Amino acid sequence: MAQVSFEIAGRPYTVGCREGEEPNLRSLVQRLESLSPMATRASGGLSHERTLLYIALMLADQVADLERSPASGVPPHLIDKLADRLEAVAAALEEEPASA
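Below you can see the structure in the form of structure tokens.
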């Protein structure tokens with residue numbers, strides 16, 4: 001089992017993970033640490049536990065936002081363009097040929 005040491009909000013931690021998962025864990029730690037200054041301000045710096053609580057709440061808020069409005073993966077302007085093309089094809093199919 002691998003071990004990764006890091007700091008969040010100035011406090012040191014060591015966490016175990018499977019071999020090879022260290023880069024992913026470090027990436028997650030960077031995400032948490034990026035929220036640390038705002039969480040420290042929000043908690044008033046009263047306690048480390050409260051700062052971690054604010055980090056957890058900010059992450060939960062981000063997850064809730066993503067769940068409420070998942071990205072479709074297709075930009076709206078491309079959807080509009082595709083709709084226009086489909087309407088043109090439908091109009092062409094509805095026209096009856098001059099000689100049948």
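In the UniProt record's numbering, the protein residues as written are 1 to 100. Just so you know, even glycine gets a beta-carbon here, dropped at the ideal spot from N, CA and C. Note that this is a predicted model, so its numbers are computed, not measured.
Simplified DSSP state of residue i, which is helix, strand or coil
i: V4; result: strand
i: R41; result: helix
i: V74; result: coil
i: R11; result: strand
Close-in-space but distant-in-sequence residues of the same chain around residue i (CB under 7 angstroms, 5 per side omitted)
i: R50; result: S43
Cα-Cα separation between residue i and residue j, rounded to whole angstroms
i: A9; j: D65; result: 24 angstroms
i: L25; j: L52; result: 17 angstroms
i: R41; j: A83; result: 48 angstroms
i: E94; j: L86; result: 12 angstroms
i: R31; j: V74; result: 26 angstroms
i: A91; j: K81; result: 15 angstroms
i: L78; j: E67; result: 23 angstroms
i: G20; j: G45; result: 35 angstroms
8 angstroms Cβ cutoff met for residue i and residue j
i: T14; j: S27; result: no
i: A2; j: E22; result: yes
i: S36; j: I55; result: yes
i: H48; j: R11; result: yes
i: M58; j: A88; result: no
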